[in-house]
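J.: Residue numbers (the working numbering), protein chains in the order written: chain A, 1 to 373; chain B, 1001 to 1373.
Starting off with a structure, shown below.
In C-alpha cells:
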C-alpha cells in the first residue's frame, strides 16, 4: 500500500478561502466553477470520467439507471454501506477533502476485507451545500480515485445533489468472496486464539491532536497559524488517511488459514470483541499487555493525560482486523507480520474480560464511538 | 400493487408535535423514546427486526460487516443508489414519514425495473437530527417495510447516524437480471417506437398543490388549518407514494418483448428522451397529443395557470417507464394495458423534437428537475 501518496500540500478545504488554486487548472483558480453551471449531469460526467473500469465483473458503470455487475464463477457478492455526515463524522476545518474521499472509500473496503472478501465496486452519493465549488468536489473525487486505484476497485454509480446543510457522503461497496468462504462474526469457538492486526488507538489520538490544534488556532486569532505536527505524522495519518488490511486477507489465504470469525475495528476493540462474543455465543479473555500500541500513540496519550489502554480499547477508527483462529493455526498465524495474538475465546459463562498486568480481570464494556451520544 | 395501503391517518411528522401517538405503543406516546437511549446498535436492531429475508439470493442480512448475496444461476447483479436530503428532495412539513420511507425504496426499485431487472435487496442509511425521536424513525422504516413487502425486496444492511442538520436517507438497491437481458439507454434504433407507461405530470402537480396548501396554512396562522384535498387524491398519491412499474416489466416478458432501450421517468420526459437520444446516438419525434395526462393533472394545471404539456414533459418524479421497441413489436405492445406509443426514433441528424397539435416541431430541451438549480 505504500505506492500511493496523498500530498497534503495540494489539498484545500472550503475554509481555506483559496479553493482549488493548487490542484485545478489555472483558469478555475481565477474563476471557480460553480456547481450550478455544470448541472447534475455535467457534474457527474466531470467527476466520473477518470474512473476506468478495471474489474471483469464490472459490466456497466456510471451513466445508466443502474450498474451491471457479473460475479465470476462461484462467487458470492458482499454489500456494505457507510454514511459520512459533516459535523458528525468529519470536520472540514481540519480534514482535507482529498483525504476525506480516500477515507470514505477505504472504510467500506475494510468492511469487505473483514468478511474475507475483496472489494470490487463502489457507488458514491454526495450532497454538497452551496459553499462548496466544483474544485472542492474534484478534491473529494481525487481521493476516491486514489483509493479505488490502490485497492483495485471500480466506481460504478452514484448520485449527486445539492444539500441545504452540510456535506453528505454515502458510499456503498460491493465485494466478492468465494461461495461459502465469507467469514462472519458468529463462528468463534472456545479455545480459539484472538488476533488483531497493526496497532490500536492511534487514529483516536490523531483526532485528539487535530481537535486541540484547531482550538489553539481559533484562540490565537492568527489566520496564518501553523500547527506543528512534526513527530506526529503517524497518528495523523491513521486518523486522516486510514488503510484497509487487504494485505492481511491475502496473507491469511497465503498460509491457508480461514478465521472462525472476523470483523474490522471501527468502533473500538472493546465494542468489537463484544460483537463477536454476542454473535458467536462465547466469552473472551484479552491481555492488557498484548494490546498493540504505537509509540506516538503512547506519547500523545501521556501529553494529553489520557489513559492509554482506554484509548486503545475504545478509540475506534483503527480499521484493523480482529479475528479468531483455532489453536491449531497458531504457527501459521505467527508467520504473518503485523498480527498479534491478544487472548483467547472462552465459554460464554465466563463473560468478556481484559486481564490487567497485575493479573486482575476487568469486564469489557462497550465505550466505543457512538454517533448518537 | 393494490394490496398495499398506506393510511394517512396513522402518519405523523416531527412538526406535528404528537409524534408516534397513533402508531406506536402507548407507553412511548407518554414518553417518546430518545434515540440516544437505544444507541446505534439498539436502534439498528429495533428498526430491522421486522424485515425477514424472503429472497433465496439474500444469504446474510443485517448484523455483520457486510451482507452476503448469492445471485442465482446465470444472473447479473444490478446496482443503483439514491440520496434523499431534507429541504432538497422532501419537506417534512407535508411529507408523512411513512410515505417518505416508502418512496425512498420505490424510486430505487424503479431504476432496477428500468434496466429490465427485478429488485431483490436494499441497504438503507439514515442520518437523523435531534428533533426526530425513535417513533419518527419507526415511521420511516414502516414505509420501507411496506415497500419491501409489496415488491418482494429484502433489507440487508445499512447505517444509522445522528445528523447535525436535516434528515438524510440513502438507499442502495441490488437487483437481478438474466445475463445479457439488461436493457440500457443506448440501444434505440431509428424507426423504433417510443413508448411510455401510465401518465405524466401528476406527481409534479401534486407537489404544486402541497406547496400551495402549505403556504396557505402558514399565512392563515391557524394551527388547526386543514387543507381540502378532495378530488385531488390521485395527484397527491403520485407525489407522496409513487409506485414502480414492476407490472410492465412482467407484462413485457409475458408478451415476449425486450425493449431496445429503457429508463424510468424521474427527471421529466424531456430530459429522459434526451438521455436516450444521446446514449443511443439517435433523434426522436414525439407527438404532443399522445402524451398521456390524467384528468386531475389537467384540472390542477388550469387552476394554477400552468402550461399542461410543459408540466407533463418536464415535471419529473413520475416513475413511469420510457422505452423503445422495434416496429415489429407494435402489436405485442398494444396488448399491454397502460402503455402508450408517443412517437418514434429518428436518425440523429433530425434532432429531438415534439410535434405540436398544429404539426409544427418544437425542439425538446431538458428542463427537468435539477437538484443544483
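Backbone N, C-alpha and C fix where the C-beta goes; we use that ideal spot for every residue, glycine too.
Taking the C-alpha atoms as reference points, what is the distance between residue 336 (chain A) and residue 107 (chain A)?
T.: Taking the straight line from one Cα to the other gives about 23 Å.
J.: Can you give, in chain order, each stretch of the alpha helix (DSSP H) that sits fully within the stretch 1091-1154 of chain B and has at least 4 residues?
T.: Whole alpha helix (DSSP H) segments, 4+ residues: 1097-1113 and 1134-1151.
J.: In angstroms with no decimal places, state the Cα-to-Cα distance between residue 1280 (chain B) and residue 1246 (chain B).
T.: Between residue 1280 (chain B) and residue 1246 (chain B), the C-alpha separation is close to 24 Å.
J.: Classify residue 26 (chain A): buried if its beta carbon has 16 or more other beta carbons within 10 angstroms, exposed otherwise.
T.: For residue 26 (chain A), the predicted model reports a pLDDT of 40, less than 50, meaning its position is unreliable; a value from the coordinates is still stated below. Classification for residue 26 (chain A): exposed.
J.: Using a Cβ-Cβ distance under 8 Å, would residue 101 (chain A) count as near chain B?
T.: For residue 101 (chain A), the answer is no, since every Cβ of chain B falls outside 8 Å of its Cβ.
J.: Using DSSP with H/G/I as helix, E/B as strand and the rest coil, what is residue 1323 (chain B)?
T.: Strand, per DSSP.
J.: Would you say residue 1347 (chain B) and residue 1299 (chain B) are within 8 Å of each other, going by their C-beta atoms?
T.: Contact flag unset, no.
J.: Quick check on the DSSP output: the beta strand (DSSP E) that includes residue 341 (chain A) runs from which residue to which?
T.: 339-347 is the span of the beta strand (DSSP E), which, as asked, contains residue 341 (chain A).
J.: Once DSSP output is grouped into helix, strand and coil, what is the label at residue 1165 (chain B)?
T.: Three-state result, residue 1165 (chain B): coil.
J.: Residue 1062 (chain B): which of B:1041, B:1252 and B:1082 sits nearest, CA to CA?
T.: Comparing Cα-Cα distances from residue 1062 (chain B) to each of B:1041, B:1252 and B:1082, the minimum goes to B:1041.
J.: Where residue 1016 (chain B) and residue 1091 (chain B) are concerned, what is the direct C-alpha to C-alpha distance, given to the nearest angstrom?
T.: Low per-residue confidence applies at residue 1016 (chain B): pLDDT is 43, beneath 50, and the placement is therefore not dependable, though the value from the model is reported in the following sentence. One C-alpha to the other measures close to 13 Å.
J.: So, using beta-carbon positions, are residue 81 (chain A) and residue 170 (chain A) closer together than 8 Å?
T.: Yes; because the gap between Cβ atoms is below 8 Å, this pair is in contact.
J.: According to the Cβ coordinates, are residue 1197 (chain B) and residue 172 (chain A) closer than 8 Å?
T.: Going by C-beta atoms, residue 1197 (chain B) is not nearer than 8 Å to residue 172 (chain A).
J.: Which partner residues of residue 1062 (chain B) appear in the DSSP bridge assignment?
T.: Answer by DSSP bridge pairing: none, since residue 1062 (chain B) is not bridged.
J.: Determine the chain B residues that contact residue 242 (chain A) at a beta-carbon separation under 7 Å, and present them in chain order.
T.: Simply none; closest approach about 15 Å.
J.: Would you mind reading off the limits of the alpha helix (DSSP H) that contains residue 1365 (chain B)?
T.: No alpha helix (DSSP H) holds residue 1365 (chain B); DSSP gives it neither H nor E.
J.: Of all the CB atoms in chain B, is at least one closer than 8 Å to the CB of residue 190 (chain A)?
T.: Not closer than 8 Å to any Cβ of chain B, the Cβ of residue 190 (chain A) fails to qualify, so no.
J.: Short of 8 Å in beta carbon distance, which residues of its chain neighbour residue 34 (chain A), apart from the five on each side in sequence? Order them along the chain.
T.: Closer than 8 Å at the Cβ level, and outside the excluded window around residue 34 (chain A), lie 133 and 134.
J.: Considering only residues of the stretch 270-322 of chain A, which uninterrupted alpha helix (DSSP H) runs meet the minimum length of 4 residues and lie entirely inside it, listed in chain order?
T.: Here the runs fully enclosed are 295-303 and 308-314.
J.: Could you tell me the distance, in whole angstroms, from the CA atom of residue 241 (chain A) to the CA atom of residue 1201 (chain B)?
T.: The straight-line gap from Cα to Cα measures roughly 46 Å.
J.: What is the residue span of the beta strand (DSSP E) that residue 193 (chain A) lies within?
T.: Unbroken beta strand (DSSP E) run through residue 193 (chain A): 193-197.
J.: Give the interface partners of residue 78 (chain A) over in chain B, defined as CB-CB distance under 8 Å, in chain order.
T.: The contacting residues are 1066, 1067, 1068 and 1069.
J.: Is it a yes or a no for the stretch 1152-1160 of chain B touching the stretch 1046-1056 of chain B, going by three-plus beta-carbon pairs under 8 Å?
T.: With the cut-off at 8 Å, the stretch 1152-1160 of chain B and the stretch 1046-1056 of chain B touch.
J.: Is DSSP giving residue 1057 (chain B) helix, strand or coil here?
T.: Note: residue 1057 (chain B) maps to coil in three-state DSSP.
J.: Using 10 angstroms around the beta-carbon of residue 1226 (chain B), count the other beta-carbons present and answer buried if the total reaches 16, otherwise exposed.
T.: The residue is exposed, with fewer than 16 neighbouring Cβ atoms inside 10 Å.
J.: The alpha helix (DSSP H) with residue 1250 (chain B) in it runs from where to where?
T.: Looking at the DSSP string, the run of the alpha helix (DSSP H) that includes residue 1250 (chain B) is 1246-1255.
J.: Within 8 Å of any Cβ in chain A, is that where the Cβ of residue 1280 (chain B) sits?
T.: No, residue 1280 (chain B) lies away from the interface with chain A (no Cβ there is under 8 Å from its Cβ).
J.: When you check each C-beta in the stretch 1082-1109 of chain B against every C-beta of chain A, which residues fall closer than 8 Å?
T.: Within the stretch 1082-1109 of chain B, the qualifying residues are 1082, 1083, 1085, 1086, 1087, 1088 and 1089.
J.: Could you tell me which of A:117, A:88, A:119 and A:105 sits nearest to residue 1127 (chain B), measuring between CA atoms?
T.: Out of A:117, A:88, A:119 and A:105, A:88 has the C-alpha closest to the C-alpha of residue 1127 (chain B).
J.: Tell me residue 1068 (chain B)'s beta-bridge partners as DSSP assigns them.
T.: Its beta-bridge partners are A:78 and B:1060.
J.: Taking the DSSP output, what are the residues bridged to residue 85 (chain A)?
T.: In the DSSP output, where bridge partners are listed per residue, residue 85 (chain A) has A:168.
J.: Residue 1265 (chain B) lies in the beta strand (DSSP E); which residues open and close that run?
T.: From DSSP, the beta strand (DSSP E) with residue 1265 (chain B) extends over 1261-1265.
J.: For the candidate residues B:1086, B:1361, B:1308 and B:1208, whose alpha-carbon lies nearest to that of residue 1295 (chain B)?
T.: Closest option to residue 1295 (chain B), Cα to Cα, is B:1308.
J.: Please report the distance separating the alpha-carbon of residue 217 (chain A) from that of residue 224 (chain A).
T.: About 9 Å.
J.: Report yes or no: do three or more beta-carbon pairs, one from the stretch 1144-1151 of chain B and one from the stretch 1095-1111 of chain B, lie closer than 8 Å?
T.: Yes: the two stretches touch, three or more of their Cβ pairs being nearer than 8 Å.
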